[in-house]
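Trainee:
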Amino acid sequence: MPDRSPTTSEEPGSQPPISARSAVSIASAVRAGTVRAVDVTTDALDRIERLDRALSAFAEVWDERALECAREVDARIDAGEHLPLAGVPIGVKGRHGLRTAGPLLAAGCVPVGATSVPGPGTPWQTWGAGRYGRTVNPWRRDRTPGGSSAGSAAAVGAGLVPLATGNDGAGSVRIPAAWCGVVGLKVTNGRFPTTDPTGLMAPGVLTRRVADAAAYWGVMAGDTRPRTPEPAIPREPAAPTALWSPDLGFASPDPEVVAVAHAATVRLAEAGVVRLVDTEHPFRLEDPAPAWLALRSPEADPSPTAAVHIRAVNDRRLAALFDRTRLLLTPTAPTPPHGHEGPGDRYSTALTWAFNLSGHPAISIPAGFGPDGCPVGLHLVAAHGREASLLAVAEAAESVLGPWTPATCTRI
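Counting in my numbering, the sequence shown runs from 730 upward without gaps.
(1) Just the Cα atoms here: how many angstroms apart are alanine 906 and serine 1093?
(2) From alanine 967 to alanine 1121, what does the alpha carbon distance come to, in whole angstroms?
(3) At what residues does the alpha helix (DSSP H) containing glycine 947 begin and finish?
(4) Which whole runs of the alpha helix (DSSP H) in the stretch 748 to 824 are 4 residues long or more, in chain order?
(5) If you reduce the DSSP assignment to three classes, tell me which class histidine 1113 lands in.
(6) Within a Cβ cutoff of 7 angstroms, which residues of the same chain sit near glycine 1088, ignoring the five residues on either side of it in sequence?
(7) What separation, rounded to the nearest whole angstrom, lies between the Cα atoms of glutamate 1070 and glycine 1102?
(8) Write down the C-beta distance between alanine 773 and leucine 929 rounded to the nearest angstrom, noting that I regard them as a contact closer than 8 angstroms.
(9) Measuring alpha carbon to alpha carbon, tell me which of His1108, Arg872, Ala893, Ala1041 ends up nearest alanine 1079.
(10) In three-state DSSP terms, what is alanine 884?
(11) Give me the Cα-Cα distance between alanine 749 and glutamate 801, rounded to the nearest whole angstrom.
(12) Within 10 Å of its beta-carbon, does serine 1026 have 16 or more other beta-carbons around it, so buried, or fewer, so exposed?
(13) Using a threshold of 7 angstroms, state whether the C-beta atoms of phenylalanine 787 and glycine 875 are closer than that.
(14) Can you tell me whether arginine 824 is buried or exposed? The criterion is at least 16 other CB atoms within 10 Å of its CB, across all chains shown.
(15) Going along the chain, which residues of its own chain have a beta-carbon closer than 7 angstroms to the beta-carbon of aspartate 976, five neighbours each way excluded?
(16) Output the residue ranges of the beta strand (DSSP E) runs that lie fully inside the stretch 830 to 897 and measure 3 residues or longer, sorted by chain position.
(17) Measure the alpha-carbon distance for leucine 1014 versus tryptophan 973 and round it to whole angstroms.
(18) Taking the alpha carbon of threonine 771 as the point to measure from, which residue in Glu797, Ser877, Ser754, Gly1068 has its own alpha carbon closest?
(19) Taking the beta carbon of glutamate 810 as the centre, do at least 16 other beta carbons fall within 10 Å, making it buried, or is it exposed?
(20) Determine the extent of the beta strand (DSSP E) in which valine 902 is found, giving its start and end residues.
(21) Beta-carbon within less than 7 angstroms of leucine 1119's beta-carbon, same chain only, minus the 5 sequence neighbours each way: which residues are those?
(22) Could you tell me if valine 911 is buried or exposed, where buried requires 16 or more neighbouring beta carbons within 10 angstroms of its beta carbon?
(23) Skipping 5 residues on each side, what residues in its chain have a beta carbon closer than 7 angstroms to that of proline 832?
(24) Using C-beta distances below 8 angstroms, list every residue in its chain close to valine 1129, excluding the 5 sequence neighbours before and after it, in chain order.
(25) So, with DSSP's three-state summary, where would you put glycine 1131?
(26) Any idea what DSSP makes of alanine 1036, helix, strand or coil?
(27) Excluding five sequence neighbours on each side, which residues of the same chain lie with their C-beta closer than 7 angstroms to the C-beta of alanine 752?
(28) For phenylalanine 979, which residues of its own chain have a beta-carbon under 6 angstroms away from its beta-carbon, when the five flanking residues on both sides are left out?
(29) Here's the rule: buried if 16 or more other CB atoms are within 10 angstroms of the residue's CB, otherwise exposed. What is arginine 872?
(30) Give the DSSP-derived three-state secondary structure of valine 934 in the structure shown.
(31) Using the DSSP secondary-structure output, state which residues sit across from proline 1095 in a beta bridge.
(32) Suppose the cutoff is 6 angstroms on Cβ atoms and the five residues either side in sequence are ignored; what does the same chain contact list for arginine 1045 look like?
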């Protein structure tokens, strides 16, 4: 079986340092007093110092601020507070990411730095500009991690932090999650405040384990109960129905990508995680590009009438779909991660941005690897407000497909 470790790896048989473990595990240890938040933070900062020169996942690292925050977390634990994410080191997307991280900080997270995003002036958003130059994919340094949550995905995929924030206006959480072999959750549009006047942007998170994404969701949704290392995510009483679509009726994904995502879907069906439904006709959406561009890029000058029509048609078709089935499954991105020279003329958002227009929650989970050795994501979409069910299925899927990215990465 081929080696599926990213370009950073621990010595064989070594135990992962505490900062490389899952967010849920770290928080449990800090709450129990078996480790201090300051020690976790110090370890995370040391790992970033050693590894980030090769990855360039961070635009800024906040050493002193992070340690002060960790000391405050330890004091809160000593005072008897119950912090669901106590001492968890996190990256925040971009230099202004702390503006939306308030609930995570209140839950005990320790922000260690701002992760990279695309630099100014680029016509494409599938890369990142970090402290040391371009951000690289932790699986292949000659490939992009995706964007625009580039640094968050690379930092989580390489084990620098167990959790990093993102936001998703067209696939900016889910695409880098797919290309870096991690979990990427986009919540229902409008569920939380956003500065995007178009309404296309929704908050999200990147993690290595679904349980950590569930912990993020619980905190953001107002459930402040501490989670254990084996969180009890509500499960469906029976396998939820799911519809597989390789292309949503309009995209042209690479056959190799489709094959990996479809094979993962079949494994989930065989394991009883989902129950695939047959349809007489393939599911089809209208290509969302004109409608998305009409909202985000008025200079593209698509026909307003056509844009409104596309959105209305897709909303009706998705409403009808989720009236009869729980989930829609697709590949996350239509291509493998491209090189640093740019994506060419193909939209990496082809399979994701329809759900920014429609507002549905969606998650990308690792599905396997393509012939180039890069991860491929499986994209799960649910009805509005069904994040809990989406996460329950994703966690069950993880138990079948496995967490592909090791939680321990210390050498490039």
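Even for Gly, the Cβ is constructed at its ideal location relative to N, Cα and C. In this text the structure is predicted, and so the values were computed from the model without any measurement.
Mentor: According to the structure shown:
(1) Against the sequence shown, residue 906 aligns to sequence position 177. Against the sequence shown, residue 1093 aligns to sequence position 364. In a straight line, the C-alpha of alanine 906 is about 7 angstroms away from that of serine 1093.
(2) Within the sequence shown, residue 967 is the residue found at index 238, counting from 1. Within the sequence shown, residue 1121 is the residue found at index 392, counting from 1. Cα to Cα, the separation comes out at about 12 angstroms.
(3) In the sequence shown, residue 947 corresponds to position 218, counting from 1. Where glycine 947 is concerned, the enclosing alpha helix (DSSP H) starts and stops at 939 to 949.
(4) For the stretch 748 to 824, whole alpha helix (DSSP H) runs of length 4 or above, ordered along the chain, are 752 to 761, 766 to 784, 792 to 807.
(5) Counting from 1 along the sequence shown, the entry for residue 1113 is found at position 384. If DSSP states are grouped into helix, strand and coil, histidine 1113 belongs with coil.
(6) For this step, residue 1088 is matched to residue 359 along the sequence shown. Shown here for glycine 1088: same chain residues with a beta carbon closer than 7 angstroms to its own, the five before and five after excluded, namely Thr917, Asn918, Gly919, His1113 in chain order.
(7) For the purposes of this step, residue 1070 is identified with residue 341 of the sequence shown, where counting begins at 1. For the purposes of this step, residue 1102 is identified with residue 373 of the sequence shown, where counting begins at 1. Straight-line Cα distance between these residues: approximately 19 angstroms.
(8) Here residue 773 refers to the residue found at position 44 of the sequence shown. Here residue 929 refers to the residue found at position 200 of the sequence shown. At roughly 32 angstroms, the Cβ-Cβ gap does not stay under 8 angstroms, so alanine 773 and leucine 929 are not in contact.
(9) Start at 1 with the first residue of the sequence shown, and residue 1079 comes out as number 350. Checking every option, the nearest Cα to that of alanine 1079 belongs to His1108.
(10) The count along the sequence shown starts at 1 and reaches residue 884 at position 155. Under the three-state reduction of DSSP, alanine 884 is assigned to helix.
(11) Within the sequence shown, residue 749 is the residue found at index 20, counting from 1. Within the sequence shown, residue 801 is the residue found at index 72, counting from 1. Straight-line Cα distance between these residues: approximately 21 angstroms.
(12) Against the sequence shown, residue 1026 aligns to sequence position 297. The residue is exposed, with fewer than 16 neighbouring Cβ atoms inside 10 Å.
(13) Here residue 787 refers to the residue found at position 58 of the sequence shown. Here residue 875 refers to the residue found at position 146 of the sequence shown. Contact: no.
(14) Working through the sequence shown from its first residue, we reach residue 824 at position 95. Flag for arginine 824 reads exposed.
(15) Stepping through the sequence shown from its first residue, residue 976 is reached at position 247. Pro982.
(16) Within the stretch 830 to 897, complete beta strand (DSSP E) segments of at least 3 residues are found at 839 to 844, 892 to 897, given in chain order.
(17) The count along the sequence shown starts at 1 and reaches residue 1014 at position 285. The count along the sequence shown starts at 1 and reaches residue 973 at position 244. One C-alpha to the other measures close to 13 angstroms.
(18) Translated into the one-based positions of the sequence shown, residue 771 becomes position 42. Answer by Cα proximity: Glu797.
(19) Here residue 810 corresponds to residue number 81 of the sequence shown, with the count starting at 1. It counts as exposed.
(20) Residue 902 sits at position 173 when you count from the first residue of the sequence shown. Following the DSSP letters along the chain, one finds valine 902 in no beta strand (DSSP E), marked with neither H nor E.
(21) As a first step, residue 1119 must be located in the sequence shown, where it is residue number 390. The answer, listed in chain order, is Pro1090, Ile1092, Leu1109, Ala1111.
(22) Reading the sequence shown from its first residue, position 182 is the one you call residue 911. Per the 10 Å Cβ criterion, buried.
(23) Here residue 832 corresponds to residue number 103 of the sequence shown, with the count starting at 1. Excluding positions up to five away in sequence, the list reads Val948, Met949.
(24) Taking the first residue of the sequence shown as position 1, residue 1129 is located at position 400. Excluding sequence neighbours, valine 1129 sits near Arg996, Leu997, Ala1000, Val1002.
(25) Translated into the one-based positions of the sequence shown, residue 1131 becomes position 402. For glycine 1131, the three-state secondary structure derived from DSSP is coil.
(26) Looking up residue 1036 in the sequence shown gives position 307. Helix at alanine 1036.
(27) Within the sequence shown, numbered from 1, the residue matching residue 752 stands at position 23. Residues of the same chain with a CB within less than 7 angstroms of the CB of alanine 752, apart from the 5 flanking positions on each side, are Leu814, Val817, Pro891, Leu892, Thr936, Asp941, Ala944 in chain order.
(28) On the sequence shown, position 250 is the one that residue 979 refers to. Within the same chain, and ignoring the five residues on either side of phenylalanine 979 in sequence, the residues whose Cβ sits closer than 6 angstroms to its Cβ are Asp1016.
(29) Locating residue 872 in the sequence shown gives position 143, where the first residue counts as 1. Arginine 872 comes out buried.
(30) Locating residue 934 in the sequence shown gives position 205, where the first residue counts as 1. In the structure shown, valine 934 sits in a strand (DSSP, three-state: E or B).
(31) Sequence index remark: in the sequence shown, residue 1095 carries index 366 (1-based). For proline 1095, DSSP records a beta bridge to Gly1106.
(32) Position 316 of the sequence shown, counting from 1, holds the residue named residue 1045. Same-chain partners within the cutoff: there are none.
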